[in-house]
Each structure stands twice: as C-alpha cells, then as structure tokens.
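To start, the structure under review is shown below, and the notes come after it.
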C-alpha cells in the first residue's frame, strides 16, 4: 500500500541508497540551448535519476521509492488539489526542522558534462536551508517566491571523465517555520554540435545513442536470450537505420572478454547491418559476451553495448517422490537456516494423556523422543516461552502449558538429547503477553522502572543458569514477547529500551555467545523498520530482531522481505520470523473455538492457500523462501503439537458435549488449554473470562489422534523439492459479484482451481435459471467447473468437474448517479476543509474498488477533524434514506457520515466509527428522514490523530422507505429520474449492535435470500406508486431461519408480513463477544458461559426490529446443562439486558420477544446467588415494566387503527 506516514530514521545524509541502472539511452526532453561562437550547446534531461518526479510508488513506511531519507526526516510526498502549476506528486517540506535530506546514488554515469536541475516553490522570499550536494560540491537553494510559483534551479556544471557513480543529495538544516515543495530532480547532460558548414550526411551520423533491452542475463544451458537494440538520434528514437549507419552483432571473446565462450548460436534475421534484433542460444556453462555496435560508413564506432550472458547447467531435479504433498525446492537455501518450532505446550499435552505418532505409527509419549522425531524431520531449533510465576495463590497453574522455568529446563534437556538448539522466550510476565497486554509480574507490581531493570536482569540470568547450566543448548534468548506496544507494563520508549538493555545484560552475563532477540509483530505496519531505528537510538545491545508473521493479519510476503532486509542493511542486525502458523483445516477438535475458523480470520487476502495439509505446506515453503531470499536467519512454527486432549470430531452432539466437559477438567488440572480459570486472579479481563482449550489445534502439524501430518515433511522437502504422481483438488474458488438493481450482471467466466500441483484458472458454467437479478437482494448461483487435469486422489477422485458458487449482491440503486464521483475517480465535485486530506482522488493509495479513492495523512498536527464534502446537490423526495461509504486506516482514527441541506444545516450525523488498521474496511453510515422534497449534500467526516492515515471510497446513498409505504418504492426520488428498486436489508443504523457502531461490512446488503416485496405496482407516473394492503402470515405460522432450519419463529398472532424472512447467526467476532460478555458478567451472578446471536427479521427487503406483539423463537439448546445450571435469554440493548421469558420444551429452548437484534444466551449456576441491579439497569423481565408495555400496546393499537382506516380508504 502507499501510506504516507512520518517515519523514524531511514539513513544519515552521508549515506546513500544504491540503485543499479542499466546502460540507458538519453531522452531528448531538454529545453535550454546556449549558443557559443562555434558550437551550439544543449542541456538534455537524462533518465539516470530514479523517481526524480516522485510519481513512483511511495512505500508503506513513509520512504520514497529510489530515495533514502535522513534519520527522522519529515519529508513526504503529496499532491496539492488546489495547485494549478503542479498537479502531480512532489515532496513537501512542512512543520519540520533540523537535518532533512533525500539522497540517491547513481551508478555507472557515462563520461560527459552534467549539472543537476531541481524545481521548487514555497514561502515567499525565504530560503529553505537545503543544499544540492554532489561530488563534494554543494549549491544552496535560493529563496522561494511563493506557493505554486515553481522555479527551476540548476547547479554548476561538472565533468565526468570516466564511468563512475555519482552521489546526489538534497538536504540540510531546514529553516524554522519554512514551508515549501521540491520536484523534478534531474541529471542533465550537455550535448554540443559544431555550427560550421558540414555535409548533411555527415551531420546525420552525429548524436547517436544505443541501448539494449538486456545487458546482464542469467540463464541455463540451452536457453535463448532475445536481444533488441534501441537507437536514438538527438534523443529521438528511430526504428530504421539511415544509409551509411549500420548495427553489427557478434560474440566477443577478445579484449576484456577472453573468458567468453563462443560455442552457442547467434541468430540474426538480417545480416545487412540494419537489424535491431538478435537472439543467442547458449550451450555450455560460463559467460557469453554479445556485442551490439553502431558504426558509420567509415567503420567509426557511434555506440557500443555488450550484453553479458551467464549460463549454468540446469539444476538437477532432486525432488522426492511421495504420495502426500508437493513442495517446490527453495533455491540457495542457507545451510544454517533455522527450521524452528515452538513446542512450549508439549509437556502439559503429554501430561494430559496425549500421545504422538511418527509416520510408521510408533507411539511417542515423552518429550525427549518427541524432540528426536522433530530432529529426524529436519527441525534444528526449538523455542520455549517462560513465564515468571504462572500460578495463583494456591499453586494452581494458569494453563497455556504452565510454562515456568522448570518446564523450560525439561525441554532443554530433551533438546540436548536430540542435538537441537533452543531459543528461550522470556515474556517477563506471569502469563501471556502480546501487543495489547504486557502485564507486570505479580512480584514486581509496585516496582519503578529502575527496580524493574534490576529485577529483569537478575531473573533472566538466574533462569538461564537453571534452564541450561552447561551452556550447550540455549543459543538465543528473547527479551520480551511481541513487545511492539509495551514491556513489563511500560509503554514509554525510553523506559522500554532501558528494560530491554537490562534483560540483554542478564543474557550476556550468562553467556556472551548467546544471541539476544527483541520480538515485535505487525510487519505490515513497518514495525521492524521503526523498532530497529528505536533500538539503535537508545543503544540497546541486541543481535536479532524477530517478528511474528501470521498471514491472516500481517500483510504480504513481499512486505515482510522488505522489513527483514531493512534491519540487516540499515542496522547490520540479523532478522527472522519467530512465530508463524497456518491452518490445515477449519474444523475444531476439542470443543474450544479456534482462532482461525469458519467466518473468523478465514478470508484474508494474504492467506492465499487453501486450509488443507497441502495448503499449509505450500504456505510454509513460500514463507521459508521469502525469509531466505531476504537474508533472514530462519522461521519458527508456533505450537505445531498443541492438539486436542480429547477429540470431539465425528461424535454425536451429546457425546461431543460430554467429551468437551471432560476436556475442560483436563485443561484445568493439567494446564494444557490456552488458559485455566485460575488465571482470572492475574488476568481477569481476558484469560479469566475466556479460558479454555487449544485455539490452534487446527493449525498443528499433528492430527487429533497425534499422528504427524504430511505437513511436517515440508522442513525437509524445501531442501530437495517433493512431487506427487497423483493429482488432487485442494480447493475450488468461489466468486462474489456486486451490482445495482437494473444493471446487467456479468458473472466470471473462470475461477481458480487449486490442485495439489498448481493453481489453474478453469472455465465455469453458471446455472442462473429461475433467478431474477432485477430486484435488490443477495443471490447464490451454483456453477460447474470443468477440471483440466485427471484427478486421481482426494474427494474429487475420478471426477471431471466440481461445484462452486457465486454470491451475487444486488444493491439498491445508488442515488449518487455519477459513478466517478461515488468512487472518487475524479475530484471536481468535492471540497475539503483541512489539508490532511492530501488527495480527493488518489490512484496511489488503497482503494476499495475502481482506480481511485480519497486519502488523508495527519503528518504534523495534533488530533484534528477534516471533512470531504460532495457539493453536487441531490434532490430527494420525502422518505427515509441511508448514506454510507467504506473506509480504512490507522488504528484509532475515526470516520462518520453526515448529510446537510442546501443551506448547510445538518440533517443527520452518524456515529463515529473507529478504524482498526490497514485494509480493515469499515462502513460509516447515517440514516435520515425527509418530510418533504429536499436538496442534500453529503459529507465524509474524518477524525485523525497525529500520524493518522487512511482512505475512503464508494459513496452510497439509497432509499429505505418512501413517504407513503413501508419500504422503498420504484418511484422517482428526485435525482435525474432515479427510480428506486427494492431496498436491501440494513443494520438499523447500528442501534442494536453491541459496542461501537462498526458493522464490519463492506456493503449494506444483508444476507437474506432473493425474495423481495412483490406487492408493489409498477410506476404509474410522476413518482406515484399504487399501494395495496399489507398481507400477513396466518396465526400460528412458523418461519425457519435461512441459515439454520432448526431455529424457527412462530407467529402466534399473525402479525408478520407474509414476505417475512428470518436469519439467525452466531456472533464469532471475539471483540464483539467480549463486549457483550462484559455486560452480562457485570449484571448477572454465576455466569458460566455466554453465546451471542444476531436474530434478524426482514419483510424481504427492510429489516423489522420492533414488532407490534411478541413472537416465539425455538432453537436447539445452546448449552448442555448440569443439575445446578439454567439458561437465561437476554436481548442486548447497548449496556442494558432485557430479559426474555424462556423455557425448555422437548429438548429445545423456547423464548418470546417482540424485538429482533442481538441476543445473549447465558449459562448460569443456580447456586450462585443474586446480584443487585446497578443503577440505571434495565428490569430483568420484558413484562416487569407494565407502564412501558402499556405505552407500546397503545402505540401498536394506534398503528393498527391507522392501517385499518388506510385500507378502507384504498378499498373505497
């Protein structure tokens, strides 16, 4: 992505970023000519400077492609929507002081006379303080003349006598308070031609340049290299050589190329000297030098380019034949590459009765044999976490492996026996630490920073002497775990680094040869870049910077490589991945929900492989390859052996529940779950609430029965490669299409089929029979995919095709009729009130769709607000509407939607939606009602903290209800004869969502089926639509959930429309569940478990929240109940719980409600007593407040009477 963030240090002004440039032709873009007595001189812009116009991509860490910024530089690239004389990108100088520089090394500058040219604008009559520095010379930039008054500044000329590198730098001490911009940094070359009379034919031979498309190529023996020359005259490319000018190709083995070979084949389609193309086929291993030489009729050389072709023997196929997985060999894999695993939980797993099995079925029931088995599969390093004191006041373990010093010693002893080295991961806490939680150990609770420093140094040193007294196993030590945001309770950078240094001293005093590791995460946020800078700034003595990399959250492999490389090249420190994993299935095997599961972390754009054993192996191979290419030390797989202590898969519901209850007792007693209930004493807000089993059993490299999966072989196969003889299908891609009602729908012609050998685009035929896409709604279309491979294994064995699906979302027509405006494809109709919005139509940043989006970056201000106003007034008829859009950006920045009338009065403002990071798209929205025809303008509101950034896209305005009907009709809404189709379901403006107003959705269409209200007549003219009496269900009718047919709504009184649709959906988002559970546990005593469901009713298009009367909901029991347990049902309204009358009948849970939104199902210990309701809490029964229900009943009666009168009027 292209997030323009202020970065910490990049490099000092004296260091430069090496950019290798091939021999380039000179482009004739110059404009200046100087006449001398006998010569005409012309300065010509060259192509040597990389990204001199700053139009190339800006990196996510704030760095600028091709340029190196000085330490702490605040220079950043932007555009100015208000500027007239420069509407492209440039580098801005604003709100910065001190040393700021951009530097670049230009390689292989050819002999000639040169100068540097730079454009600038800025504060009137003020010097920026910057200099242009080159070849030990410097020229101060003159005072700028004003904003948008661009002037070109050139340096003195200088001469290059022989091919050499040239360092250029624009830098210096920026004048306090100065603002301005620089752009178009160029290296210009002086060309001279004689002005005396010469023969025109001779003149035509001057000013030639030659370049070749490839100058340094590596191939295998037998490969053919295609070469093509580019000839220019006076900077202009020519496609045909004139008479008297020839281009000759040959293979050189003399002069400086005596090591060259000439046993290949040079192919030229024309030997007349006029061809610009040649091809050379190598034969042997070695170097070939192919020359392209431009000559005149007298054999005078006008230009010369030599292409070096390095040929090597084809790599021998070392792939291992197997029946399991395909693994591409990692080329040039370092011999000492760390193949690591974190097996911290293995002791408690074995204590819990888990047994592991090797590939021959041999039982492994002790940690020593387990480590030996890993070593046999090429694991050469083990990682183990250590907590200071993971026990409560009664000695009960917190779980998660109960990883104290004694446990680490047991694993170290096993590693010694297996010949494996060990990395000790000191969390420096009594339980789990991560970016959001760095709790102080109980014994250090009241310590100052200085006291913590003494304590951590002592604890690490003494612990290491216990874990590995012989100093022959531990060779690396982590000081802290995922310490991106804090360490031992400290969040101040200086304090954190002081504690890192103290921990490091404890390590080095134990054994100076042991490497110190600092561990961060979120490489997609450039944390390795930023933290390596921080650690250097505060002089922390460490050796390796490690990161977690989970593809569900942590960005692309290419970005990871960039981050790892930065640490090594900038700070000369090693880097590696200390945590990673990948799911081989989405199924759970122990009854405790997994981190990656259906509907949760399973759809990341960067988790590109199927969740299968093959997919897991491919992911690991690709990660190892990326880390190796970046020069990283290695990779550790996190908890490959943390499997179920009792398999719940394939069991009946009753048996599975019994097994789950048995598992819970084991987790509590042995500490083999991620947390036990005893941890609540130390961590009541997290582990104390959500304790339970393994959350990663589906990411292990062992099946639930303990047998090693084929995925474990990947560590060996990356060295040799592995292939299979039988092809299977791993995954068939599904598709998604979003469109608007009335538009033509085009379904994809192909989908990706992932075979175990490769990924192939295969043709798909969709069955759209009986589906009417003209109405708003969500449709599922089934497609048949024909396989192009013979399938001989797996679920598709002997099949020639498979089934996929396409989810088609037809949205209500967008009342913003200019699609380019709605997608920010152009900026003409927008204004902004704060320059943190640096582009209203940026093609460089993260868009949701189309080619552009609006972007903001708060580069130097404190928390501030900005507004992007769409000034093209939209005329809307009376009725109800929703305006929404999508946005993503920095954690903590906020967005809101606002609607104003033509006079600037606010009609409605939606709730602020908090952003949660890169590409986590949120949907701010606002609902509003118009009593009369009104012209409206739309506003995107931004609240950004210092350093905040983000993008917004896809403005969407639609009608939900017309003035005289219960849903949007097909009538005219006032904007360019827009005729509204049926309205998709919405989220009731988030009023019934738990927690914040964030809906975590990318569009407004809920997943109801393709039924819409069929009672509307077509448009009858002038926007009027005929209406008919609403039809309702027969009393006693039962409606099944579209997502779970066992869950039903019974309309005992016949109040629901006959088009009603019912959906029940379990909430799996951990944050949302936690918010509701906090409310429940605050108000209810004896809570043992909480499940959250969203229950939604629609009339086919519009959500129904408040009903005129109660209906009856029946569902499977959400929990198994013991004798002293019961279930309570509550409707959740913000921080209030409204109890619903409920009972258990025929093994089903039955409850009544007249409102559909979020519901909490609570398992309660009946012996736990009661808790007084806090002030302001809702009554604990829907029937308790008779006055409230009387008001609702009277309101319902009024609505019924009005409906009856309206029906009589229409029938008349």
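Residue numbers (mature numbering (1 follows the signal peptide of the UniProt record, and there is no 0)): -27 to -1, 1 to 1185. Using N, Cα and C, we set each Cβ at its ideal position, and we do this for glycine too. Since this is a predicted model, take the numbers as computed values, not measurements.
Restricted to the stretch 1029 to 1065, the beta strand (DSSP E) segments that are unbroken, complete and at least 3 residues in length are 1034 to 1039, listed in chain order.
Across the structure, residue 1057 and residue 1051 are spaced so that their CA atoms are roughly 10 Å apart. Assignment of residue 557 by DSSP, reduced to helix, strand and coil, places it in the coil class. Apart from sequence neighbours up to five positions away, the residues of its chain that approach residue 797 with a beta-carbon distance below 7 Å are 813, 814, 825, 826, 827, 926, ordered along the chain.
Separation of the CB atoms of residue 610 and residue 551 is rounded to 10 Å, and the pair is thereby denied contact status at 8 Å. In this structure residue 752 touches residue 781 by the C-beta definition: roughly 4 Å separates them, less than 8 Å. No Cβ-Cβ contact shorter than 8 Å links residue 256 with residue 229. Shown here for residue 86: same chain residues with a beta carbon closer than 6 Å to its own, the five before and five after excluded, namely 130, 132, 163 in chain order. In the assembly as shown, residue 1088 is a buried residue. Its beta-carbon has 16 or more other beta-carbons within 10 Å. In this structure, the beta-carbon distance from residue 702 to residue 767 falls below 8 Å. Boundaries of the beta strand (DSSP E) around residue 219: 218 to 224. Distance from the CA of residue 26 to the CA of residue 431, rounded to the nearest whole angstrom, comes to 54 Å.
Under the criterion of beta carbons closer than 8 Å, residue 1085 and residue 1025 qualify as touching, at roughly 6 Å.
Take the alpha-carbon of residue 135 and the one of residue 476: they are about 53 Å apart.
Fully enclosed beta strand (DSSP E) runs of no fewer than 3 residues occupy 447 to 452 of the stretch 434 to 489, in order along the chain.
Shown here, residue 1024 sits in a strand according to DSSP, grouped into three states.
Classified as exposed, residue 1116 has fewer than 16 neighbouring CB atoms from the shown chains inside 10 Å of its CB. Shown here, residue 749 sits in coil according to DSSP, grouped into three states, outside any helix or strand. If you look at residue 344, you'll find it isn't in any beta strand (DSSP E); it sits in the alpha helix (DSSP H) that goes 340 to 349.
Per DSSP, the beta-bridge partners of residue 1134 are 1064, 1102.
With contact defined as three or more Cβ pairs closer than 8 Å, the stretch 673 to 686 and the stretch 1053 to 1069 are not in contact. The straight-line gap separating the alpha-carbon atoms of residue 761 and residue 603 is approximately 36 Å. Check the Cα spacing between residue 142 and each of 128, 378, 337: the tightest is with 128. With respect to the 8 Å criterion, residue 846 and residue 875 are classified as neighbours on the basis of their beta carbons. The shortest CA-to-CA distance from residue 592 to any of 691, 1046, 890, 429 is the one to 691. Nearest neighbour of residue 731 by Cα position, chosen from 822, 588, 374, 612, turns out to be 588.
Secondary structure in the stretch 250 to 334: the alpha helix (DSSP H) runs of 4 residues or longer, each lying completely within the stretch, are 319 to 324 in chain order. Proximity to residue 122 across 111, 155, 504 peaks at 155, based on C-alpha coordinates.
By the CB criterion at 8 Å, residue 147 and residue 103 fall inside the cutoff.
The C-alpha of residue 660 lies about 34 Å from the C-alpha of residue 511. Where residue 828 is concerned, the enclosing beta strand (DSSP E) starts and stops at 826 to 830. Under the DSSP assignment, residue 592 falls in the alpha helix (DSSP H) whose first and last residues are 586 to 602.
According to the DSSP secondary-structure assignment, residue 909 is paired through a beta bridge with 847, 874.
Closest in alpha carbon position to residue 806, among 790, 291, 557, 840, is 840.
For residue 518, the uninterrupted beta strand (DSSP E) segment begins and ends at 517 to 521.
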